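Here the structure is laid out as structure tokens; the discussion comes afterwards.
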Amino acid sequence: MLYLVYRLKLTPAAEADPRAFWNWAQEREKWFYEGLDTVLATRWTVRTVGSDVHTLEHTVTFADEAAWGRYRRRLAERSHDPAWEERRTEQGTWWQILDAALHSDPPVALGFDRPRGE
């Protein structure tokens, strides 16, 4: 698996109106990833301890590098549509991208998931 990981700093507008921000984020995720079938999963976490507290970490999961490449090509195609690009760039109202990185799984099976207790 390949994981594209973004660290996002919320803008003053997002911090001033968190309800509007989270509503926008939910709608944007539906809109942005619609039709991008190479995306297997997305995950969002909020950093609560450490440097850059309250930044978002957004992970996008792909099966492999070829799937990530197809995703990048599709985004490049979509960016030629002025309406799509205008909607995409409204993200600047809500967050600043601090950095992005690609992660992959280690060569051996590590990690586990436990069911949540009741």
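Sequential numbering of the sequence shown, starting at 100, is according to our numbering. Every residue, glycine too, gets a C-beta built ideally from N, C-alpha and C. Nothing here was measured: the structure is a model prediction, and the numbers come from that model.
Identify the continuous alpha helix (DSSP H) that holds W194 and give its terminal residues.
Here residue 194 refers to the residue found at position 95 of the sequence shown. Careful: W194 lies outside any alpha helix (DSSP H), inside the beta strand (DSSP E) at W194 to S203.
Just to check my reading of the structure: L44 and V159 have Cβ atoms closer than 8 Å, yes? What is that Cβ distance to the nearest angstrom?
Outside the displayed span of the chain (100 to 217) sits residue 44, for which this structure offers no information.
A200 to G168, Cα distance in whole Å?
Looking up residue 200 in the sequence shown gives position 101. Looking up residue 168 in the sequence shown gives position 69. Computed Cα separation, rounded: 14 Å.
Have a look at A119 and G210 and give me their C-alpha separation to the nearest angstrom.
If you number the sequence shown from 1, residue 119 lands on position 20. If you number the sequence shown from 1, residue 210 lands on position 111. In a straight line, the C-alpha of A119 is about 35 Å away from that of G210.
Provide the residue(s) that pair with V145 in DSSP beta bridges, ordered along the chain.
Position 46 of the sequence shown holds residue 145. In the DSSP assignment, the residues bridged to V145 are L155.
Over the uninterrupted beta strand (DSSP E) stretch that includes L101, give me the two end residues.
To locate residue 101, count along the sequence shown from 1; it is residue 2. Per DSSP, L101 belongs to the beta strand (DSSP E) from L101 to L109.
Nonlocal neighbours in the same chain, by C-beta distance under 8 Å from E164, ignoring five residues either side:
Residue numbering aside, residue 164 sits at position 65 when the sequence shown is read from its first letter. Around E164: L101.
Under DSSP, the alpha helix (DSSP H) around G117 begins and ends at which residues?
The residue you call residue 117 lines up with position 18 of the sequence shown. Checking the sequence, you will find Pro at residue 117 rather than Gly. P117 to Y132 is the extent of the alpha helix (DSSP H) around P117.
Between T154 and the rest of its own chain, which residues show a CB-CB distance below 7 Å, the 5 nearest in sequence each way excluded?
By one-based count along the sequence shown, residue 154 stands at place 55. R106, L107, K108, R146 and L197.
Am I right that A113 and W193 are in contact with their C-beta atoms under 8 Å? What's the rounded C-beta distance?
In the sequence shown, residue 113 corresponds to position 14, counting from 1. In the sequence shown, residue 193 corresponds to position 94, counting from 1. Indeed, because the Cβ distance is near 5 Å, the residues count as touching under 8 Å.
Spatial neighbours of D151 within its chain, please: C-beta separation below 8 Å, excluding the five flanking residues on both sides.
Mapped onto the sequence shown, residue 151 falls at position 52. For D151, same chain residues with a beta-carbon under 8 Å away, outside a window of 5 residues either side, are R106, K108 and L197 in chain order.
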